[in-house]
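What follows is a single structure, written as structure tokens, with notes after it.
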Amino acid sequence: MTVLLENRQKHITVDDGLKGIAQRAVDAVFEKEDFPYGYEVSITLVDNTAIAALNREYRGVDAPTDVLSFAMMEGEEFLDLNEDGEAVMGDIIISMEKVVDQAKEYGHSIEREFAFLVVHGTLHLLGYTHDGQQDTKRMRQREEEILEGLGLTRG
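In terms of the working numbering, the sequence shown has 82 at position 79, counting the first letter as 1, and numbering is strictly consecutive.
Written as structure tokens, this is what we have:
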């Protein structure tokens, strides 16, 4: 179970605590989903400028967002395995500036907001969406269950 974390921004210090949260959050998602294989997830931490460029390129939205996910899996089929035989699930891009801003806005810790975005992005890699009301409800419920299990609730 591999989580690759790359920090490509200089606005917010990323310490071992946040790295540990990323690993725990990803592991919690795959455990909750009863994922039967080993997995690899790549998480890249960027600033608002970098995520806005990606958002513009891939979604046609000319603004920064908090998290983007790029899945390597189609349905139940893995497109790639790493050298350890783990399913390469895809990439999650997180704006650390948005993490800080949203933590303040919602009145909770940076750690909780970061974990939420990791969980949210990981669920997208597994096919969750928030395109319609039912999909959104299902995804939000799963996010809260996972964050509760991690002891990272709102407030």
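Even glycine gets a Cβ: it sits at the ideal position worked out from N, Cα and C.
Keep in mind that this is a model prediction, so the values were computed, not measured.
Starting from residue i, follow its DSSP beta bridges and name the residues at the other end.
| i | result |
| --- | --- |
| S112 | Its beta-bridge partners do not exist; DSSP assigns none. |
| V6 | V44 |
| F38 | Answer is none; F38 lacks a bridge partner. |
| D94 | S45, F73 |
Cα separation between residue i and residue j?
| i | j | result |
| --- | --- | --- |
| H14 | L126 | 26 Å |
| V32 | A66 | 28 Å |
| T139 | T132 | 7 Å |
| E151 | E60 | 34 Å |
| I113 | P39 | 31 Å |
| D37 | M4 | 13 Å |
| A56 | H123 | 20 Å |
In its own chain, which residues sit with a C-beta less than 8 Å from the C-beta of residue i, not counting the 5 before and 5 after it?
| i | result |
| --- | --- |
| L7 | E43, V44, S45, I46 |
Just checking my contact of residue i with residue j at CB under 8 Å: how many whole Å lie between their CB atoms?
| i | j | result |
| --- | --- | --- |
| D87 | G41 | 7 Å |
Taking 6 Å as the limit between beta carbons, can you name the residues of its chain near residue i, skipping five residues before and five after?
| i | result |
| --- | --- |
| N167 | Residue 167 cannot be examined here, being either before or after the span of the chain that is shown, 4 to 158. |
Excluding the 5 residues flanking residue i on each side, which residues of the same chain have their C-beta closer than 7 Å to its C-beta?
| i | result |
| --- | --- |
| M75 | L82, D83, V91, M92, G93 |
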